[in-house]
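Keeping their order, the protein sequence lines are chains A and B.
1 is the number of the first residue of the first sequence in the UniProt record's numbering; add one for each residue after it.
1 is the number of the first residue of the second sequence in the UniProt record's numbering; add one for each residue after it.
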Amino acid sequence: MASDELKLLGTWTSPFALRVQLALSFKGLSYENVEEDLKNKSELLLTNNPAHKKVPVLIHNGKPVSESQIIVQYIDEAFSGTGPTLLPTDPYERAIARFWAAYVDDKLLASWLQSFRGKREEEKAEGLKQTLVAVEHMEGAFKDCSKGKPFFGGDSVGYLDITVGCLISWAHAGEKLYGFKIFDADRSPLLNAWMERFGALDAAKKVLPDADKLVEYAKMRQAEAAASASNN
Amino acid sequence: MAAKEELKLLGVDVSPFAIRAHMALVIKGVSCEYVVEYLSNKSELLLSSNPIYKKVPVLIHNGKPICESLVIVQYVDEIFSGDGVPSILPTDPYERAIARFWAAYVDDKFFPVLRGIVLALTEQERVEKATETFAAIEPLEEAFAMCSKGKAFFCGDSIGYIDLALGSLLVWIEAIRRMYNIEIISASKTPRLSAWAERFGESAAAKEVLPEVDKAVQFGKMLEAAASAAAASK
Chain A
1 MASDELKLLG TWTSPFALRV QLALSFKGLS YENVEEDLKN KSELLLTNNP
51 AHKKVPVLIH NGKPVSESQI IVQYIDEAFS GTGPTLLPTD PYERAIARFW
101 AAYVDDKLLA SWLQSFRGKR EEEKAEGLKQ TLVAVEHMEG AFKDCSKGKP
151 FFGGDSVGYL DITVGCLISW AHAGEKLYGF KIFDADRSPL LNAWMERFGA
201 LDAAKKVLPD ADKLVEYAKM RQAEAAASAS NN
Chain B
1 MAAKEELKLL GVDVSPFAIR AHMALVIKGV SCEYVVEYLS NKSELLLSSN
51 PIYKKVPVLI HNGKPICESL VIVQYVDEIF SGDGVPSILP TDPYERAIAR
101 FWAAYVDDKF FPVLRGIVLA LTEQERVEKA TETFAAIEPL EEAFAMCSKG
151 KAFFCGDSIG YIDLALGSLL VWIEAIRRMY NIEIISASKT PRLSAWAERF
201 GESAAAKEVL PEVDKAVQFG KMLEAAASAA AASK
């Protein structure tokens, strides 16, 4: 087979780009990582994701794939002979994995972002309330999917582990910034333990960004936002 | 072939999401029991089968529930496959990624603004949502040219994943035309989608599943009233 050229357009702070990096890392695939400047998007990004103009975009032998969850499924299918299989093999379990993966972005991540990015205090409070509901559901999902084993995928890392796993560094950063631990040991003991377990894996350590660096980055962005708000 | 398959689909005839799931089953030639849900009085079965969202559609296969329309469509495509059975998703991984991309686009970018036309509280808001919807349909018109490669449907000669994602909204697109004289798909502005929409509507699966547009119009009026009432009570 001719050598595969994989190029990932992303940013080091984007959990969605990280999701793809995790998938590539666990599959043992090599790729060129291109760091985008979102304030000055490259021609490559704009032409390869014209509909959304967002990261991540995976370019495989010149052909672009966008949307992190779609990219991860693509990697699993296009490189089915390489490394572990990420999606479950059973169609029903696959449907359950896809259901929860959609839930992570639509509910868990959306409410978590609102809890600290919301413009008014009530929005943030509502975001926090919804986040706690979502974490409870995810804890249940972990119990159902893992069936007593270490990962969502069972004995080894699977699709859901990667889908949720990309939030880990921001989870640690969020705790340092706001004092709120999303997968707290009391509220969500299974996810709390899973988070440590996942973060300790070599394939994860290879790509997970440093939480302290994310904290610095977040503080810098907050300062910029405050400065531009006071200039208005 | 496995022992008798028990399939139950919980849905509402005007729900584009239920339409997707129902059409997928019809395309596969699989019989299922359709359970009509009343959204103001949801059944115990719906509430226990989809505790997270409490929404239709839910497919219950041999007692096991699957939720979220696109998850259901992919599940149906995977479970019911083989010689002579039409495929809904392409087989090539790259083409599958493209199909998933455009289906997600329909749900994330197109549907919210389309629905916004019905839920708008003022004429100005309606016009804004219509403008956003016109903008959102353009990439789909382009996508049809790129994906179909001259064939009748997005993914080929027969109805596939993107067709179901967008086609399930055609009843609402027509309802919006009747209610507000806003034409999202037209021969002049979106010629490819206009021709595709006709072919979609003429298909056996669409004829079996799609409700009368007037039902969507009636439902739309109910949604409008509910939106105004909710706003007035704030």
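No residue lacks a Cβ here, since even glycine has one placed at the ideal position from N, Cα and C.
This one's a predicted model, so the numbers in the text were calculated from it and none came from an experiment.
Checklist entry - Is it buried or exposed for ASN40 (chain A), if we count other Cβ within 10 angstroms and need 16 for buried? => result The residue labelled residue 40 (chain A) in the question sits at position 40 within the first sequence. Exposed, because fewer than 16 other Cβ atoms sit within 10 Å of the Cβ of ASN40 (chain A).
Checklist entry - Would you call the stretch 166 to 174 of chain A and the stretch 210 to 226 of chain A in contact, with 3 or more CB pairs under 8 angstroms? => result yes
Item to check | Proximal residues to SER43 (chain B) (C-beta, below 8 angstroms), its chain only, five neighbours per side dropped | outcome: Stepping through the second sequence from its first residue, residue 43 (chain B) is reached at position 43. The answer, listed in chain order, is LEU10, VAL35, GLU37.
Checklist entry - Going by the beta-carbon positions, is the gap between PRO163 (chain B) and PHE111 (chain B) smaller than 8 angstroms? => result On the second sequence, position 163 is the one that residue 163 (chain B) refers to. On the second sequence, position 111 is the one that residue 111 (chain B) refers to. Per the sequence shown, the amino acid found at residue 163 (chain B) is Asp instead of Pro. No, the Cβ-Cβ distance between ASP163 (chain B) and PHE111 (chain B) is not below 8 angstroms.
Checklist entry - Which residues of chain B have a Cβ atom closer than 9 angstroms to the Cβ of PHE152 (chain A), listed in chain order? => result Here residue 152 (chain A) refers to the residue found at position 152 when the first sequence is read from its first residue. Simply none; closest approach about 16 angstroms.
Item to check | Outcome for ARG221 (chain A) when other beta-carbon atoms lying within 10 angstroms are tallied against a minimum of 16 | outcome: The residue you call residue 221 (chain A) lines up with position 221 of the first sequence. By the 10 Å Cβ count, ARG221 (chain A) comes out exposed.
Item to check | For PRO65 (chain B), the first and last residue of its enclosing beta strand (DSSP E) | outcome: On the second sequence, residue 65 (chain B) is found 65 positions in, with the first residue counted as 1. Looking at the DSSP string, the run of the beta strand (DSSP E) that includes PRO65 (chain B) is 64 to 67.
Checklist entry - Since GLY150 (chain B) and LYS129 (chain B) are thought to touch, with beta carbons under 8 angstroms apart, how far apart are those beta carbons, to the nearest angstrom? => result Locating residue 150 (chain B) in the second sequence gives position 150, where the first residue counts as 1. Locating residue 129 (chain B) in the second sequence gives position 129, where the first residue counts as 1. No, GLY150 (chain B) and LYS129 (chain B) are not in contact; Cβ-Cβ is about 33 angstroms, not under 8 angstroms.
Item to check | Terminal residues of the alpha helix (DSSP H) in which SER111 (chain A) lies | outcome: Within the first sequence, numbered from 1, the residue matching residue 111 (chain A) stands at position 111. SER111 (chain A) -> alpha helix (DSSP H) spans 110 to 117.
Next on the checklist: Just to confirm the assignment: which complete alpha helix (DSSP H) runs, minimum length 4, are found wholly within the UniProt domain "GST C-terminal" (90 to 221) of chain A?
Outcome noted: 91 to 103, 110 to 117, 121 to 146, 159 to 165, 168 to 178, 189 to 199, 202 to 205
Checklist entry - PHE65 (chain A) touches chain B at which residues, Cβ-Cβ below 7 angstroms? => result Position 65 of the first sequence, counting from 1, holds the residue named residue 65 (chain A). The amino acid occupying residue 65 (chain A) in the given sequence is Val; Phe does not appear at that position. The contacting residues are ALA97.
Item to check | Exposure label - SER30 (chain A); buried when at least 16 CB within 10 Å | outcome: Your numbering for residue 30 (chain A) matches position 30 in the first sequence. So SER30 (chain A) counts as exposed.
Item to check | Range of the contiguous alpha helix (DSSP H) that encloses LYS7 (chain A) | outcome: On the first sequence, residue 7 (chain A) is found 7 positions in, with the first residue counted as 1. Element bounds for LYS7 (chain A): not the alpha helix (DSSP H) but the beta strand (DSSP E), 6 to 10.
Checklist entry - The beta strand (DSSP E) with PRO64 (chain A) in it runs from where to where? => result The sequence position of residue 64 (chain A) within the first sequence is 64, counting from 1. 63 to 66 is the span of the beta strand (DSSP E), which, as asked, contains PRO64 (chain A).
Item to check | Short Cβ contact (8 angstroms threshold) for ASP77 (chain B) with ALA21 (chain B) | outcome: As a working note, residue 77 (chain B) is residue 77 in the second sequence. As a working note, residue 21 (chain B) is residue 21 in the second sequence. No, these two residues do not count as a Cβ contact at 8 angstroms.
Checklist entry - At a CB-CB cut-off below 8 angstroms, which residues of chain B make contact with HIS137 (chain A)? => result Stepping through the first sequence from its first residue, residue 137 (chain A) is reached at position 137. Within 8 angstroms Cβ-Cβ: ILE52.
Item to check | Which of helix, strand or coil DSSP assigns to ARG34 (chain B) | outcome: Along the second sequence, read from residue 1 onward, the residue named residue 34 (chain B) stands at position 34. First, the amino acid is wrong: residue 34 (chain B) is Tyr here, not Arg. Three-state DSSP puts TYR34 (chain B) in a strand.
Item to check | Min CB distance CYS32 (chain B) to chain C below 8 angstroms | outcome: The chain inventory of the structure shown lacks chain C, comprising the protein chains A and B.
Checklist entry - What are the residues of the stretch 101 to 113 of chain B that lie near chain A, defined by any Cβ-Cβ distance shorter than 7 angstroms? => result PHE101, ALA104, TYR105
Item to check | Residue-chain proximity (CYS147 (chain B), chain A), Cβ-Cβ < 8 angstroms | outcome: Position 147 of the second sequence holds residue 147 (chain B). With 8 angstroms as the cut-off, CYS147 (chain B) does not count as an interface residue toward chain A.
Next on the checklist: So, with DSSP's three-state summary, where would you put ILE184 (chain B)?
Outcome noted: For the purposes of this step, residue 184 (chain B) is taken as the residue at position 184 of the second sequence. In the structure shown, ILE184 (chain B) sits in coil (DSSP, three-state: anything other than H, G, I, E or B).
Checklist entry - Near ARG96 (chain B), what residues of its chain come up, given a Cβ to Cβ distance below 6 angstroms and the 5 sequence neighbours on each side ignored? => result For this step, residue 96 (chain B) is matched to residue 96 along the second sequence. The residues are LEU89, PRO90.
Next on the checklist: Could you check whether PHE153 (chain B) and TRP102 (chain B) sit closer than 8 angstroms to each other, using their CB atoms as the reference points?
Outcome noted: The residue given as residue 102 (chain B) occupies position 102 in the second sequence. The residue given as residue 153 (chain B) occupies position 153 in the second sequence. Cβ distance not < 8 angstroms, so TRP102 (chain B) and PHE153 (chain B) don't count as in contact.
Checklist entry - Sorted by chain position, which residues of the same chain lie with C-beta nearer than 6 angstroms to SER168 (chain B)'s C-beta, five sequence neighbours on each side aside? => result As a first step, residue 168 (chain B) must be located in the second sequence, where it is residue number 168. For SER168 (chain B), where only same-chain residues beyond five positions count, the Cβ hits under 6 angstroms are PRO16, ILE19, ARG20.
Item to check | Residue(s) in a DSSP beta bridge with VAL33 (chain A) | outcome: Numbered from its first residue, the first sequence carries residue 33 (chain A) at position 33. The amino acid occupying residue 33 (chain A) in the given sequence is Asn; Val does not appear at that position. Looking at the DSSP assignment, ASN33 (chain A) forms a beta bridge with A:LEU8.
Next on the checklist: Rounded to whole angstroms, what is the Cα-Cα separation between VAL217 (chain B) and ILE176 (chain B)?
Outcome noted: Here residue 217 (chain B) refers to the residue found at position 217 when the second sequence is read from its first residue. Here residue 176 (chain B) refers to the residue found at position 176 when the second sequence is read from its first residue. Near 8 angstroms, if we compare the C-alpha coordinates of ILE176 (chain B) and VAL217 (chain B).
Item to check | Chain-order list of residues whose beta-carbon lies under 7 angstroms from that of VAL113 (chain B) (same chain, five-residue window excluded) | outcome: Position 113 of the second sequence holds residue 113 (chain B). Closer than 7 angstroms at the Cβ level, and outside the excluded window around VAL113 (chain B), lie LYS129, GLU132, THR133, ALA136.
Checklist entry - Given that TYR217 (chain A) touches chain B, what residues does it touch there, using C-beta distances under 9 angstroms? => result The sequence position of residue 217 (chain A) within the first sequence is 217, counting from 1. Ordered by position in chain B, no residue passes the 9 angstroms Cβ test against TYR217 (chain A), which lies about 26 angstroms from the chain.
Checklist entry - For chain B, is any of its Cβ atoms less than 8 angstroms away from the one on PRO91 (chain A)? => result Taking the first sequence and counting its residues from 1, one reaches residue 91 (chain A) at position 91. Output row for PRO91 (chain A): interface = yes.
Item to check | Opening and closing residue of the alpha helix (DSSP H) in which VAL209 (chain B) lies | outcome: Against the second sequence, residue 209 (chain B) aligns to sequence position 209. It spans 204 to 209 - the alpha helix (DSSP H) in which VAL209 (chain B) sits, taken as one unbroken run.
Checklist entry - Are the stretch 186 to 199 of chain A and the stretch 114 to 121 of chain A touching by the rule of at least three beta carbon pairs closer than 8 angstroms? => result no
Checklist entry - Going by other Cβ atoms of all chains shown within 10 Å of its Cβ, with 16 needed for buried, is ARG19 (chain A) buried or exposed? => result Residue mapping note: residue 19 (chain A) aligns to position 19 of the first sequence, counting from 1. ARG19 (chain A) is buried by the Cβ-count criterion.
Checklist entry - What is the C-beta distance between THR85 (chain A) and SER111 (chain A), in whole angstroms, given that I count them as a contact (C-beta under 8 angstroms)? => result Residue 85 (chain A) sits at position 85 when you count from the first residue of the first sequence. Residue 111 (chain A) sits at position 111 when you count from the first residue of the first sequence. The Cβ separation is near 31 angstroms, so there is no contact.
Next on the checklist: Suppose the cutoff is 6 angstroms on Cβ atoms and the five residues either side in sequence are ignored; what does the same chain contact list for LYS181 (chain A) look like?
Outcome noted: Taking the first residue of the first sequence as position 1, residue 181 (chain A) is located at position 181. Contacts found: GLU175.
Checklist entry - How far does the alpha helix (DSSP H) with HIS22 (chain B) in it reach, from first residue to last? => result Residue 22 (chain B) sits at position 22 when you count from the first residue of the second sequence. Note, HIS22 (chain B): alpha helix (DSSP H), 16 to 27.
Next on the checklist: Distance check for LYS109 (chain B) and GLN69 (chain A), CA to CA, integer angstroms please.
Outcome noted: Locating residue 69 (chain A) in the first sequence gives position 69, where the first residue counts as 1. Locating residue 109 (chain B) in the second sequence gives position 109, where the first residue counts as 1. Rounded to whole angstroms, GLN69 (chain A) to LYS109 (chain B) spans 16 angstroms at the Cα level.
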